[in-house]
Amino acid sequence: MVDMIEIKNLSFKYSQQDGQTFNDFNLKIKQGEWLAIIGHNGSGKSTLARLIDGLLAPSEGAIFIDGIKLTPENVWDVRSKIGMVFQNPDNQFVGANVEEDVAFGLENAAVSREQMLVRVKESLQRVNMWEFASHEPARLSGGQKQRVALAGVIALRPKIIILDEATSMLDPEGRKAVLDIIRELNHKEKLTVISITHDIDEASKAQRVVVLDDGKLIQDDKPEKVFSRGSDLVKIGLEPPFSEKLKGELESLGLVVPEDYLTEEGMINWLWELFSRQ
Amino acid sequence: MGKVLLGRYIPGSSLVHRMDSRSKLILSFFFIVIIFLANNWESYLLLFIVTITSILTARVNFSFFIKGVRPLIWLILFTVLLQIFFSSGGTVFWKWGPFTLSYYGIVNGIYVFCRFVLIIFMSTLLTLTTAPLEIADALEKLMMPLKRIKVPVYEISLMLSIALRFVPTLMDETTKIMNAQRSRGVNFGEGNIMQQIKAVVPLLVPLFVSSFNRAEDLATAMEARGYHGGEGRTKYRVHYWEIRDTLGCTFFVVVFIILLFIRQW
Ligand SMILES: Nc1ncnc2c1ncn2[C@@H]1O[C@H](COP(=O)(O)OP(=O)(O)O)[C@@H](O)[C@H]1O
Ligand SMILES: [Mg+2]
Numbered sequence: 001m002v003d004m005i006e007i008k009n010l011s012f013k014y015s016q017q018d019g020q021t022f023n024d025f026n027l028k029i030k031q032g033e034w035l036a037i038i039g040h041n042g043s044g045k046s047t048l049a050r051l052i053d054g055l056l057a058p059s060e061g062a063i064f065i066d067g068i069k070l071t072p073e074n075v076w077d078v079r080s081k082i083g084m085v086f087q088n089p090d091n092q093f094v095g096a097n098v099e100e101d102v103a104f105g106l107e108n109a110a111v112s113r114e115q116m117l118v119r120v121k122e123s124l125q126r127v128n129m130w131e132f133a134s135h136e137p138a139r140l141s142g143g144q145k146q147r148v149a150l151a152g153v154i155a156l157r158p159k160i161i162i163l164d165e166a167t168s169m170l171d172p173e174g175r176k177a178v179l180d181i182i183r184e185l186n187h188k189e190k191l192t193v194i195s196i197t198h199d200i201d202e203a204s205k206a207q208r209v210v211v212l213d214d215g216k217l218i219q220d221d222k223p224e225k226v227f228s229r230g231s232d233l234v235k236i237g238l239e240p241p242f243s244e245k246l247k248g249e250l251e252s253l254g255l256v257v258p259e260d261y262l263t264e265e266g267m268i269n270w271l272w273e274l275f276s277r278q
Numbered sequence: 279m280g281k282v283l284l285g286r287y288i289p290g291s292s293l294v295h296r297m298d299s300r301s302k303l304i305l306s307f308f309f310i311v312i313i314f315l316a317n318n319w320e321s322y323l324l325l326f327i328v329t330i331t332s333i334l335t336a337r338v339n340f341s342f343f344i345k346g347v348r349p350l351i352w353l354i355l356f357t358v359l360l361q362i363f364f365s366s367g368g369t370v371f372w373k374w375g376p377f378t379l380s381y382y383g384i385v386n387g388i389y390v391f392c393r394f395v396l397i398i399f400m401s402t403l404l405t406l407t408t409a410p411l412e413i414a415d416a417l418e419k420l421m422m423p424l425k426r427i428k429v430p431v432y433e434i435s436l437m438l439s440i441a442l443r444f445v446p447t448l449m450d451e452t453t454k455i456m457n458a459q460r461s462r463g464v465n466f467g468e469g470n471i472m473q474q475i476k477a478v479v480p481l482l483v484p485l486f487v488s489s490f491n492r493a494e495d496l497a498t499a500m501e502a503r504g505y506h507g508g509e510g511r512t513k514y515r516v517h518y519w520e521i522r523d524t525l526g527c528t529f530f531v532v533v534f535i536i537l538l539f540i541r542q543w
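So the sequences go chain by chain: A and B. Using our numbering, read the first sequence as starting at 1 and increasing by one per residue. Using our numbering, read the second sequence as starting at 279 and increasing by one per residue.
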């Protein structure tokens with residue numbers, strides 16, 4: 001499959017900061033791939049997302065989106081292929097109500113009003129928020145606001161969606177609703193998804209997990225492999241999953257547990273098998 | 279605070295509610311200007327009839343209008359008293375130093391009072407029947423000619439609508455911070471002026487910090503969503519000028535002409 005995003009020899013430094021945030025950084029992301037980026041606070045995840053979206057410009061190296069090199073001249077065109085959802089649901093809600101917020105990006109892209117009406121309705125239906133179309137943000141929960149933000153992204157028909165800790169301020173239900181939509185977009189429309197997260201469940205939905213540490217890529221592997229690091233996970237900015245914690249406890253009781261990462265369901269199956277064998 | 283500033287809009291479906299915000303804004307301005315042409319009881323009577331008719335058409339509870347007058351009552355009384363005691367002419371009833379109580383003084387005082395009431399009623403009617411965002415839209419449309427002299431009209435109106443959108447958010451935040459400070463023993467609205475000012479500082483500082491953070495987040499989000507200035511954007515929210523707006527304007531022009539006839543020249 002073709003690469004949707006290619007980052008080549010990227011270096012970046014904030015002018016207010018002494019050290020380099022990225023130094024000769026390389027990463028490729030395939031089309032239709034779901035990539036999770038994890039890492040402790042300040043490891044450069046948000047900076048990387050902003051570099052990909054052209055919100056920051058690299059000091060050296062190049063970023064290719066869908067085969068096109070990002071330059072100051074084409075940044076608006078390239079950005080139209082990328083939709084971003086940020087952490088704080090309130091601070092990205094621009095419109096006075098739900099439908100107007102979804103329309104904001106379309107207005108910027110100078111989409112005609114007839115088209116806008118169609119697309120706003122379509123995208124709000126996709127995220128199950130059409131019945132709230134005329135609601136003001138003050139009357140919505142965090143999860144609902146994030147779904148509206150997603151609708152705003154979907155309406156622009158991007159090829160890439162970047163979630164920068166977009167579910168971290170949500171309750172489990174809100175988180176699940178958002179991730180279900182993302183999964184559908186990834187499966188059905190082959191959208192490339194980059195999810196920056198501290199949440200193990202979110203990361204485990206990805207096909208590939210990249211671990212950042214102070215701007216360096218320290219691991220790039222399947223979720224199962226990354227999560228089997230157990231106690232190490234806390235160091236790289238993740239809560240170990242419940243099943244891993246349980247595994248650790250069982251191990252300390254003298255049981256022989258499988259090496260690989262188990263999802264909660266896998267854990268249940270394994271426990272069943274263990275029981276039936278005895 | 280929110281109630282006073284913006285929470286006054288009362289959704290409804292009356293003729294006045296459904297009028298275009300542009301025509302309502304123009305007519306309110308127009309009415310306030312022609313109030314100053316009234317100079318005898320007939321003309322004030324006419325303007326009162328117009329105001330009452332508008333209020334009845336809007337079908338809003340009259341108590342809202344009385345509430346609109348209340349915060350300004352001292353200013354009104356002060357101005358009225360100035361008029362009564364410092365203007366002279368006609369029969370003098372009473373005189374003491376610089377103060378005179380004359381026939382004209384009393385009449386002028388009554389007129390000034392009427393003027394205040396008319397202006398407050400009409401502007402209250404505008405804010406009661408028009409959502410703040412619609413007023414912002416109307417301002418944008420009416421400011422369009424200023425674009426020629428390089429006034430960033432689109433940006434100003436976007437700023438206004440974002441500010442309006444964030445009022446409830448910041449209200450919530452203020453309440454949260456106040457509760458947090460209260461739990462640390464800060465008393466709001468108690469003690470002398472100095473103590474009250476001191477109580478407000480620990481409220482304002484976190485509020486400022488968080489507003490700046492929000493603004494930065496918002497700017498990034500807007501840029502990520504392709505916002506690059508007001509030029510060349512299309513509009514989702516549209517307004518239509520309908521027959522009722524033309525009729526409304528005609529009505530006020532007729533009032534204006536009658537006023538010209540019955541006022542004292
Ligand atoms: N606007 C900024 N100006 C200066 N330094 C910044 C800015 N944003 C982030 N940084 C710094 O860059 C580093 C990476 O930050 P960030 O990308 O936000 O990390 P993460 O999203 O992984 O928590 C941190 O050391 C942080 O302090
Ligand atoms: Mg971050």
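We put the CB at the ideal spot given by N, CA and C, even for glycine. Since this is a predicted model, take the numbers as computed values, not measurements.
Beta-bridge partners assigned by DSSP to residue 374 of chain B: B:377.
With the criterion set as a beta carbon lying under 7 angstroms from some beta carbon of chain A, the members of the segment 478 to 512 of chain B are 492, 495, 496, 498, 499, 500, 501, 502, 503, 504, 505, 506, 510, 511 and 512, in sequence order. Residue 82 of chain A has its alpha-carbon roughly 25 angstroms from the corresponding atom of residue 20 of chain A.
Counting only residues of its own chain and dropping the five nearest sequence neighbours on each side, residue 162 of chain A has a CB closer than 6 angstroms to the CB of 49, 84 and 194. Judged by beta-carbon spacing, residue 94 of chain A lies beyond the 7 angstroms limit of residue 86 of chain A, meaning their Cβ atoms are not closer than that value. When secondary structure is reduced to three states using DSSP, residue 140 of chain A falls in the coil class, being assigned neither helix nor strand. In the displayed model, residue 526 of chain B falls within a helix according to three-state DSSP. Annotation for residue 472 of chain B: the continuous alpha helix (DSSP H) segment containing it runs 471 to 502. With 16 or more other Cβ atoms from the protein chains shown falling within 10 Å of its own Cβ, residue 407 of chain B counts as buried. Comparing alpha carbon positions, the residue from A:118, A:23, A:8 and A:22 closest to residue 69 of chain A is A:8.
In terms of side-chain proximity, the C-beta atom of residue 46 of chain A is found nearer than 6 angstroms to a non-hydrogen atom of ligand 2. Interface criterion not met: the Cβ of residue 16 of chain A is under 7 angstroms from no Cβ in chain B. Excluding the 5 residues flanking it on each side, residue 383 of chain B has same chain C-beta neighbours closer than 7 angstroms at 361, 362, 363, 365 and 366, in chain order. Not one heavy atom of ligand 1 falls within 6 angstroms of the beta-carbon of residue 125 of chain A.
DSSP places residue 294 of chain B in the helix class (H, G or I) of the three-state scheme. By a beta-carbon distance limit of 8 angstroms, residue 313 of chain B contacts residue 325 of chain B. Their separation comes to about 6 angstroms. In this structure, the beta-carbon distance from residue 379 of chain B to residue 410 of chain B does not fall below 7 angstroms. Cβ neighbours of residue 263 of chain A within its own chain (closer than 7 angstroms, five residues either side excluded): 204 and 243. Neighbours of residue 516 of chain B in chain A, taken as residues at a C-beta separation under 8 angstroms, are given in chain order as 113. For residue 406 of chain B, no CB of chain A lies under 7 angstroms from its own CB, so it is not counted at the interface with that chain.
Look at residue 457 of chain B here: in three-state DSSP terms it is helix.
Chain-ordered listing is empty here: chain A has no CB closer than 8 angstroms to the CB of residue 455 of chain B, the nearest sitting near 15 angstroms. Taking a beta-carbon distance threshold of 7 angstroms, residue 439 of chain B counts as an interface residue toward chain A. Per the DSSP secondary-structure output, residue 33 of chain A pairs with nothing in a beta bridge. By the Cβ rule, the segment 211 to 229 of chain A counts as touching the segment 39 to 48 of chain A, because three or more pairs are nearer than 8 angstroms. Within its own chain, the residues whose Cβ lies closer than 7 angstroms to the Cβ of residue 391 of chain B, once the five positions on either side in sequence are excluded, are 354 and 358, listed in chain order. Using a C-beta cut-off of 8 angstroms, the segment 114 to 129 of chain A makes no contact with the segment 532 to 543 of chain B, since fewer than three inter-stretch Cβ pairs fall below that distance. Under the Cβ criterion (8 angstroms, minimum of three pairs), the segment 500 to 512 of chain B counts as touching the segment 429 to 443 of chain B.
Exclusion of residue 465 of chain B from the 6 angstroms shell around ligand 1 follows from its C-beta lying no nearer than that to any non-hydrogen atom of the ligand. By alpha-carbon distance to residue 238 of chain A, the top candidate from A:200, A:112 and A:249 is A:200.
When Cβ-Cβ separations below 7 angstroms define contact, residue 447 of chain B makes contact with chain A. Taking the beta carbon of residue 411 of chain B as reference, the chain A residues within 8 angstroms of it are 96, listed in sequence order. Listed in chain order, the non-local C-beta contacts of residue 99 of chain A below 6 angstroms within the same chain comprise 120 and 133, local neighbours out to five positions each way being set aside.
Between residue 181 of chain A and residue 150 of chain A, the gap from beta carbon to beta carbon is short of 7 angstroms.
With fewer than 16 other beta carbons inside 10 angstroms of its own, residue 374 of chain B counts as exposed. Between residue 58 of chain A and residue 25 of chain A, the gap from beta carbon to beta carbon reaches 7 angstroms or more.
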